[in-house]
Amino acid sequence: MTVVEARNLVKDYTTNGLTVPALRGISLSFEQGEFAAIAGPSGSGKSTFLHLVGCLDVPSSGEIRIEGTDVSTLSRKELAFLRRQKIGFIFQAYNLIPVLTALENVSFPLTLLGVDRKEAKRMAEEALAAVGLEGMGNRRPKEMSGGQQQRVAIARALVKRPSLMLADEPTANLDSKTGAEILELMLSLNRTLGTTFLFSTHDRMVMEYARRLVHLRDGIVEGEERKGEGQ
Amino acid sequence: MRPARLEREAKSSRHAFLKEIVSIAFRNLSRHRVKTVITTIGVAVSVALYIFMDAWLLGMNLDSRRNIVSYEIGAAKIQSQAYFEKKEDLPMYESFSNWKPIARALESAGYAAAPRMTFTGTLYSRSGSAPIVFHGVDPERERRVLRYMNYLEAGRFPKEGTYEIALGLLAAEKLKLDIPRKLTEEELTRLVEETARTPEEEAFIRGLYARQEPVFFLRQDVPRTELDRFWDLLVASGRNDARISTVIDIKEESGKIRHVYQVMEAKVVGIVNSPNPKTNGNVAFMPLDVLSGEEGLLLEDQVTEILVRAAGAKDSDLPGPKESPEAIEEALRRVGFSLPSSLRVYGWEEYVKDYIVAARGDNVTTRVMILLLFILSFLGIANTMLMAILERTKEIGMMRALGMTDGELVLSFMIEAGMIGLMGGIVGMILGSLANIPMVNHGIDYSAMAKQLSGDFGYRITALFRSAWNPGTIIGSGIVATLISALLSVPPTLRALKMPVTESLRFE
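Chains A and B, in that order, give the protein sequences.
Position 153 (the first sequence) corresponds to 153 in our numbering; numbering is contiguous.
Each number in our numbering comes from the position in the second sequence (counting from 1) with 231 added on.
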């Protein structure tokens, strides 16, 4: 099943009357269970692409479909519900809620979805265990390392079983050992849960892990590589 | 799956969501403890002051109303329409006769009725003169309607059939018709010579005063019985004899007003000092019956008004529904009496415009002042929330990315700001109520200020300003503080929500 379908995506930014093109007509689609990375140097448009696919921003022109739904037809509120249900985000800066514990951060998306409190707690504990943070649910973000925070962020994104996981430079703030651990974790979750992962990165290690690699440069697709399983 | 369906599913657990955002709000407030405490104090002070001032105004108004009804007017007056229209001029020529059947009808309908003839004149004492408003009253009936005669500073209330006067305290002091409180040695000697008829009386009078160089003061510890004896000696000596000079206005059949000058010899037998300053100024009360004759005001049983109150009403009672003009007229009809067409029943409020203006003015002024204070403290909340929202722009972006809707985010910040308002409101309610306790139980003595203003500052209170409990305001101010605080978070939240999610996420 096609999870993401982008057609002729154009995004321009206007600053001080100056229009800068970020994406210049990109068409890409991603199937369920893909583990793909959008790679490219700074300013290539990879983050912009991820934001548009994640419905955090709107394209200047072009069309995005998430599981067949044309997102341009959705209201602001419907977009919020789409993100709530179908998309999980992992940010470079983790972006956890500082006043909540790890467990509460992870169970928060479930609360938004209306999952019963007890059930949400159980699912959050499971998600934390899946990212190797069993028993650390009561810690606040400031009491955790960068790697641990990123694991909490992954657990938070995964706990609601989204069809699409978007990770914007997920290893950028981590050392290479922790970065590799995080990537292993995401790959294993991709395999076991069948969740579609889409990264933006310029980290060679992430590129190596990706099963599909899309190269962007100056807002256009420069090339694409697909790797077979086990490579 | 269409997101609209998801919306319905999400709504099913609103309660858990609300619990979660309340918890987040509370933790955010704890995280910024100093800012929260300072803002809370601001709200608490405003709420406390509002409760305090409101209770004070309410207390003054309740006391004023009770004092107006119990000492000045009664619940209503019956007057001729012509008199009512010119009542500020006290037009005695618009008086009416045959008051007795009306009074009897009122009494049989369950009311107390007191006839009055009000006129102006000049009262001359040995020491000077003063313009006075005289009320000719039926002492017995007056006592059933009003209670000022229970507050005689000295002496007694005038008796029927005599030219005796009960004079307001301020006029008595001005005309030196009161009990002298401070005398020079010369004045004391003269007073003794004029008043004492025996050496024992001389010693008695001298014994009432204590020397405090260079003057003599009336001793504070003089018992009431000795003061009464002293007063009787003063009255018997002729010191309290006075002369009333007045102009009787008589309306002739042609409508022309004829003026007749009249002089009456009288004696001040009592000094009124009631809780209502209007009875203690340049006011005198004397028997109505003596005014009827040729040596009086040539009245032929005429009066300017009949004061009405429910029979047996207590001093502390405010007029009830039975005492409204309509109810009184209806009660008269029930006993088979109809007022002459020229007469009307007017409610007490019609006669106290000065008080109503003062009360309204103070009400507006005080509330405007408190409103400004409220605005200041709420600016504090607005600032706190603005800072909180600005600091958490990135967090807002992340919450939007997680799928929180604009409405949910607005609600979460409203709850956070509302909690500051609620805490400030509760503390303010407690502080305001605590400050009210002594004000309700003891009040503040403003007698010196009241005296300086000759008691004429609108409120009918002579000495003690006491607050009154107003549960509606106490609870209401807490609720309003919470609601306003919550609403103040809306503009900065909406502003933050205008920012694209991607920009919020990049915000540092």
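Note that CB positions come from ideal geometry on N, CA and C, so glycine has one too.
All of these numbers come straight from a predicted model, not from anything done at the bench.
Are the CB atoms of residue j and residue i within a distance shorter than 8 angstroms?
i	j	result
Ala727 (chain B)	Arg83 (chain A)	no
Ala155 (chain A)	Leu174 (chain A)	no
Val500 (chain B)	Gly386 (chain B)	yes
Leu538 (chain B)	Gly305 (chain B)	yes
Leu187 (chain A)	Ile38 (chain A)	no
Gly655 (chain B)	Val278 (chain B)	yes
Leu50 (chain A)	Ser163 (chain A)	no
Ser735 (chain B)	Gly628 (chain B)	yes
Ala307 (chain B)	Tyr577 (chain B)	yes
Ala124 (chain A)	Leu103 (chain A)	yes
Pro389 (chain B)	Pro518 (chain B)	yes
Tyr281 (chain B)	Ser708 (chain B)	yes
Ser476 (chain B)	Thr353 (chain B)	yes
Phe89 (chain A)	Ala157 (chain A)	yes
Asp57 (chain A)	Thr636 (chain B)	no
Thr510 (chain B)	Tyr379 (chain B)	yes
Give me the chain B residues within the contact set of residue i, using Cβ-Cβ distance strictly less than 8 angstroms, ordered along the chain.
i	result
Arg117 (chain A)	Ala247, Lys250
Ala6 (chain A)	Chain B residues near Ala6 (chain A): none, gap ~16 angstroms exceeds 8 angstroms.
Lys227 (chain A)	In chain order: nothing, as chain B lies at least about 29 angstroms away.
Lys142 (chain A)	Here the premise fails: no neighbours, minimum Cβ distance about 11 angstroms.
Arg122 (chain A)	Here the premise fails: no neighbours, minimum Cβ distance about 14 angstroms.
May I ask you to list the residues that DSSP assigns as paired with residue i?
i	result
Glu5 (chain A)	A:Ser29, A:Arg65
Ser200 (chain A)	A:Ile38, A:Asp168
Tyr205 (chain B)	Past the edges of chain B, shown from 232 to 739, lies residue 205 (chain B), and the structure says nothing about it.
Glu496 (chain B)	B:Arg474
Thr351 (chain B)	B:Val364
Gly399 (chain B)	B:Val503
Met517 (chain B)	B:Gly367
Asp70 (chain A)	A:Arg65
Pro21 (chain A)	A:Asp12
Glu224 (chain A)	A:Val214
Leu741 (chain B)	Examination of residue 741 (chain B) is not possible in this model, given that chain B is present from 232 through 739 alone.
Val576 (chain B)	B:Ile309
Pro346 (chain B)	B:Ile537
Gly386 (chain B)	B:Gly501
I'd like the list of long-range same chain contacts for residue i, defined as Cβ closer than 6 angstroms, with 5 residues on each side in sequence excluded.
i	result
Arg575 (chain B)	Gln312
Met232 (chain B)	Summary for Met232 (chain B): the model assigns pLDDT 41, below 50, so the residue's position carries little reliability, and this model does not support an answer.
Gln178 (chain B)	With chain B running from 232 to 739 in the structure shown, residue 178 (chain B) is simply not present.
Leu28 (chain A)	Ala6
Phe738 (chain B)	Thr624, Lys625
Gly114 (chain A)	none
Glu207 (chain B)	The question about residue 207 (chain B) has no answer here: the residues shown for chain B are numbered 232 through 739.
Ala397 (chain B)	Phe388, Pro389, Gly501, Val503, Phe516
Leu237 (chain B)	Unreliable placement is indicated for Leu237 (chain B), whose pLDDT of 44 sits below 50; the coordinate value is still reported in the next sentence. So the list is empty, once near-sequence residues are dropped.
Arg226 (chain A)	Arg212
Using a cut-off of 7 angstroms between C-beta atoms, extract the partners of residue i located in chain A.
i	result
Lys625 (chain B)	Asn95
Give the residues of chain B in contact with residue i, contact being defined as C-beta atoms less than 7 angstroms apart.
i	result
His51 (chain A)	Thr733
Val99 (chain A)	Ile255, Arg258, Asn259, Arg262
Leu56 (chain A)	Ala632, Val732, Thr733
Lys46 (chain A)	Those do not exist, as Lys46 (chain A) stays about 13 angstroms from chain B at its closest Cβ, beyond 7 angstroms.
Lys77 (chain A)	Thr636
Leu9 (chain A)	Going along chain B, no residue has its Cβ under 7 angstroms from Leu9 (chain A), so there is no contact; the nearest lies around 15 angstroms.
Counting only the same chain and skipping the five closest in sequence on each side, list residues whose C-beta sits under 7 angstroms from that of residue i.
i	result
Arg60 (chain A)	According to the sequence shown, residue 60 (chain A) is Ser rather than Arg. Only Val10, Lys11, Asp12 meet the Cβ criterion.
Ala699 (chain B)	Ala286, Leu289, Gly290, Leu293, Val671
Val645 (chain B)	Sequence inspection shows Met at residue 645 (chain B); the Val mentioned does not correspond to that position. Cβ within range, chain order: Ala717, Ser720, Val721.
Leu604 (chain B)	Ser277, Leu280
Just the chain B side, please: which residues come within less than 9 angstroms of residue i by C-beta, in chain order?
i	result
Pro109 (chain A)	Leu633, Gly634
Phe91 (chain A)	Met629, Ala632, Leu736
Arg139 (chain A)	Near Arg139 (chain A) there are no residues of chain B at all, since even the closest Cβ is about 15 angstroms away, more than 9 angstroms.
Between which residues of its own chain and residue i is the CB-CB distance below 8 angstroms, once the five residues before and five after are set aside?
i	result
Lys487 (chain B)	none
Glu483 (chain B)	Arg489
Determine the chain A residues that contact residue i at a beta-carbon separation under 9 angstroms, and present them in chain order.
i	result
Asp294 (chain B)	Within 9 angstroms Cβ-Cβ: nothing; Asp294 (chain B) doesn't reach chain A, min ~51 angstroms.
The ligand FMN heavy atoms versus the CB of residue i: any closer than 7 angstroms?
i	result
Leu56 (chain A)	Ligands displayed in this structure: none; no statement on the ligand FMN is therefore possible.
Under 8 angstroms, with one C-beta from each stretch per pair, do the stretch 610-618 of chain B and the stretch 78-95 of chain A reach the 3-pair mark? no
(Q) Check whether the stretch 467-475 of chain B and the stretch 486-503 of chain B are in contact - that is, three or more C-beta pairs closer than 8 angstroms. (A) Taking 8 angstroms as the limit for Cβ pairs, the verdict is that the stretch 486-503 of chain B does touch the stretch 467-475 of chain B.
>> Can you confirm whether the stretch 699-706 of chain B touches the stretch 632-649 of chain B when touching is taken to mean that 3 or more C-beta pairs between the two stretches lie within less than 8 angstroms?
In response: no
The stretch 432-448 of chain B touching the stretch 394-405 of chain B, judged by at least three CB pairs closer than 8 angstroms: These segments do not touch.
task = Assess, as a yes-or-no matter, whether the stretch 543-551 of chain B is touched by the stretch 250-270 of chain B under the definition of 3 or more beta carbon pairs within less than 8 angstroms.
result = Contact between the stretch 250-270 of chain B and the stretch 543-551 of chain B is absent: fewer than 3 CB-CB pairs across the two stretches fall below 8 angstroms.
Validate contact between the stretch 338-358 of chain B and the stretch 371-381 of chain B using beta carbons, cut 8 angstroms, 3 pairs:
yes
> Within the chosen definition, does the stretch 552-570 of chain B reach the stretch 249-256 of chain B through at least 3 CB pairs nearer than 8 angstroms?
Replying inline: no
Query raised in the report: So, do the stretch 16-26 of chain A and the stretch 211-228 of chain A have three or more beta carbon pairs nearer to each other than 8 angstroms?
Result: yes
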